[in-house]
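Peer 1: If you're matching positions, the sequence shown starts at 68 in this note's numbering and goes up one per residue.
Have a look at this one before I ask anything.
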Amino acid sequence: MNVVTSLLTNNACYQAWGKIIVRGLMLHSVGCPQPSAQAFVRSWDNGSVQACVHAFIDGLTGTVYQTLPWDHRGWHAGGAANDTHIGVEMCEPATIRYTSGSSFTVSDYADARACVRRTYEAAVELFAELCRVYGLNPKTAILSHSEGYKRGVATNHGDPEHLWNGLGMGYTMDGFRADVEAAMGGHKADGTGRATVIPILTGTQAADISRLSESEIVERLGRLCQEDARTSGILASVSTAQAILESNYARSILATGGNNLFGMKLTLSGQTWQGDVFTKETIEIYDGKATTVKAEFRKYPCIEDSIADHSRYLSIDRYKGVKGCKDFQTAVSLIKAGGYATDPNYVTKLCAVRDKWRLGDLDEPVSEPETKALPYTVRVTASDLRIRTGPGVNWPWTGRYTGQGIFTITEEIGNWGCLKSGAGWICLDYAETI
Ligand SMILES: [Zn+2]
């Protein structure tokens with residue numbers, strides 16, 4: 068199953084931020100001759116559109132375009148099902164023409180049927196995956212829009228059965244539910260909806276975590292940056308602080324629209340970008356003056372990719388010393404010195420974020436300087452090193468000198484060592500470990 072994440076972040080429903088506990092899935096078809104899911108993605112990504120579903124299935128390819136986080140409250144049923152059901156629209160063939168209501172004429176049956184078969188098969192696969200993820204029983208949790216109407220949880224529409232019947236496909240909702248169950252292949256649904264943030268099919272989406280509390284967001288970002296630090300050598304505290312500051316807790320337009328947590332521009336230090344592009348207006352400070360600039364940014368499939376790309380970027384020569392650096396202050400100063408940000412208070416702001424959320428805890432503890440195994444031997448080159456009765460200059464001098472030579476130290480206190488001979492203590496600053 069091919070799933071493309073195309074969240075409709077400008078849609079009024081998306082911006083209403085409702086959240087549901089997923090109890091069921093509702094199958095729709097769009098009710099107009101438009102096989103392209105992208106056509107809907109384009110026209111629905113708009114604040115004036117008062118409807119939104121969780122996904123569109125493309126009629127030409129069967130590709131699923133996910134348009135809302137799965138546990139977002141959709142506006143697809145016009146009734147109570149919005150509070151419980153994920154809504155998925157199948158696109159319809161270009162070769163039909165609606166005459167009135169749900170009646171239509173067909174100009175090319177073969178084309179129309181091929182399109183409907185494609186969306187049906189993709190819907191079976193998608194619904195099977197969603198039933199697995201949310202622990203739903205396909206026999207009871209799946210409804211069509213028209214079935215929802217009969218149950219009083221949706222408006223009076225006939226989709227998608229009207230399309231299947233009009234084209235003589237032989238498909239029914241009972242058949243669809245059976246096909247979904249078969250596609251789940253042995254996975255037993257337990258019927259409990261999961262109230263958690265959706266496990267996304269493609270990695271963590273900033274748009275999803277952006278609705279959590281700040282401390283939960285910090286925890287999520289911190290965990291992902293820790294994961295990254297293991298291989299990248301960029302301190303988790305540094306990546307997390309930058310992500311929080313640059314993306315305003317994953318809530319910036321750049322984050323929710325492009326999973327870009329770090330303001331990574333399209334072209335950076337001569338590196339070109341092969342991936343998707345996100346265009347946005349940004350405010351930059353030049354010579355102390357705020358200026359609006361239109362800029363192109365990198366767009367990532369998920370925030371894991373954003374973190375990895377950021378770490379790769381900090382590993383180039385321009386930021387020499389950042390990779391492998393174990394000290395937060397040093398690392399962020401090098402980042403600022405490398406010209407990462409134009410904000411003159413960048414370092415101060417990052418330190419404040421670190422302190423507020425105790426981000427230092429995310430980093431591997433710096434190992435203690437190794438304590439020498441006792442006993443060990445030292446070489447004394449000075450001829451007049453005094454032997455004292457205890458570890459320090461406050462202890463009386465024994466009246467003896469070590470003389471030059473090799474000595475064995477059996478105990479160490481501070482920078483003083485106890486001689487094996489029992490003669491007393493010497494200051495190790497004048498001895499060299501061998
Ligand atoms: Zn519908």
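The beta carbon of each residue, even a glycine, is placed where N, CA and C say it ideally should be.
Taking the alpha carbon of G98 as the reference point, which residue from W137, S167, T448 has its own alpha carbon closest?
Peer 2: When each option's Cα is compared against that of G98, the closest is S167.
Peer 1: What residues does ligand 1 have around it, judged by CB closer than 5 Å to any heavy atom, in chain order?
Peer 2: Here the residues come out as H95, H212, H224, D226.
Peer 1: Please list the terminal residues of the continuous beta strand (DSSP E) segment that includes K361.
Peer 2: Note, K361: beta strand (DSSP E), 356-366.
Peer 1: Considering only the alpha carbon of each residue, which of Q133, V191, N232, V389 lies closest to K206?
Peer 2: When each option's Cα is compared against that of K206, the closest is V191.
Peer 1: For the alpha helix (DSSP H) containing R109, list its first residue and its last residue.
Peer 2: Note, R109: alpha helix (DSSP H), 104-111.
Peer 1: Use the C-beta contact count for Y201: other C-beta atoms within 10 angstroms, 16 or more gives buried, fewer gives exposed.
Peer 2: It is buried - the Cβ of Y201 has at least 16 other Cβ atoms within 10 Å.
Peer 1: Check whether the region 443-459 touches the region 419-433, counting contact only when three or more Cβ pairs, one atom from each stretch, lie closer than 8 Å.
Peer 2: Short answer: they don't touch.
Peer 1: In whole angstroms, what is the alpha-carbon distance linking I402 and E283?
Peer 2: Approximately 26 Å between the Cα atoms of the pair.
Peer 1: Leaving out five residues before and five after G491 in sequence, what residues of the same chain have Cβ atoms less than 7 Å from its Cβ?
Peer 2: The answer, listed in chain order, is I454, R455, T456, T465.
Peer 1: Quick one: grab the DSSP three-state call for I383.
Peer 2: The answer is coil: DSSP assigns I383 none of H, G, I, E or B.
Peer 1: To the nearest angstrom, report how far apart T500 and C392 are at their CA atoms.
Peer 2: Roughly 28 Å between the two C-alpha positions.
Peer 1: Which residues does DSSP pair with F345 in a beta bridge?
Peer 2: Answer is F364, bridged to F345.
Peer 1: Given a cut-off of 7 Å on the beta-carbon distance, is the pair V108 and I153 in contact?
Peer 2: Contact: no.
Peer 1: Hey, P100 and M157 are a contact pair by Cβ (cut 8 Å); roughly how many whole angstroms apart?
Peer 2: P100 to M157, Cβ: 13 Å. No contact.
Peer 1: Among the candidates A195, I352, S336, whose CA atom is the shortest distance from the CA of L92?
Peer 2: It is A195.
Peer 1: Assign R185 to buried or exposed, taking buried as 16 or more other Cβ atoms, counted over all protein chains shown, within 10 Å of its Cβ.
Peer 2: Looking at its Cβ environment, which holds 16 or more other Cβ atoms inside 10 Å, R185 is buried.
Peer 1: Taking the Cβ atom as the reference point for each residue, do R180 and L230 lie within a distance shorter than 7 Å?
Peer 2: Cβ atoms of R180 and L230: not closer than 7 Å.
Peer 1: Looking only at C-alpha atoms, which of V155, G342, L127, A310 sits nearest to R140?
Peer 2: Of V155, G342, L127, A310, the residue nearest in Cα terms is V155.
Peer 1: Looking only at its own chain, which residues have a Cβ that is under 8 Å from the Cβ of W111, when we skip the five neighbours before and after it?
Peer 2: So the qualifying residues of the chain are L75, N78, A118, C119, T134.
Peer 1: Runs of 3 residues minimum, wholly inside the region 157-189: which ones carry the beta strand (DSSP E) assignment?
Peer 2: Taking only runs of at least 3 residues, the beta strand (DSSP E) segments lying wholly in the region 157-189 are 163-167, 170-173.
Peer 1: Measure the alpha-carbon distance for I267 versus E286 and round it to whole angstroms.
Peer 2: Any answer about I267 is weak, because its pLDDT of 44 lies below 50 and its placement is not dependable; what the coordinates show is given next. So the two alpha carbons sit approximately 18 Å from each other.
Peer 1: Can the beta-carbon of R365 be found less than 7 Å from the beta-carbon of N327?
Peer 2: Yes, the Cβ-Cβ distance between R365 and N327 is below 7 Å.
Peer 1: Please identify the residue among A104, W424, A357, P458 whose C-alpha is closest to the C-alpha of D410.
Peer 2: Cα-wise, what sits closest to D410 is A357.
Peer 1: Starting from the Cα of Y353, find the closest Cα among G126, A408, S382, T334 and give me that residue.
Peer 2: Comparing Cα positions, the closest option is A408.
Peer 1: Does DSSP put D257 in a helix, in a strand, or in coil?
Peer 2: Any answer about D257 is weak, because its pLDDT of 43 lies below 50 and its placement is not dependable; what the coordinates show is given next. D257: coil per DSSP, three-state reduction.
Peer 1: Going straight from the alpha carbon of A250 to that of R244, what length do you get?
Peer 2: Rounded to the nearest angstrom, the two C-alpha atoms are 10 Å apart.
Peer 1: Straight-line CA distance for A83 to W142?
Peer 2: Spanning the two alpha carbons is a distance of roughly 10 Å.
Peer 1: Work out the CA separation of H95 and Y132 for me, nearest whole Å.
Peer 2: Those two C-alpha atoms are separated by around 14 Å.
Peer 1: Would you give the residue range spanned by the alpha helix (DSSP H) that C17 belongs to?
Peer 2: With the chain running from 68 to 501 in the structure shown, residue 17 is simply not present.
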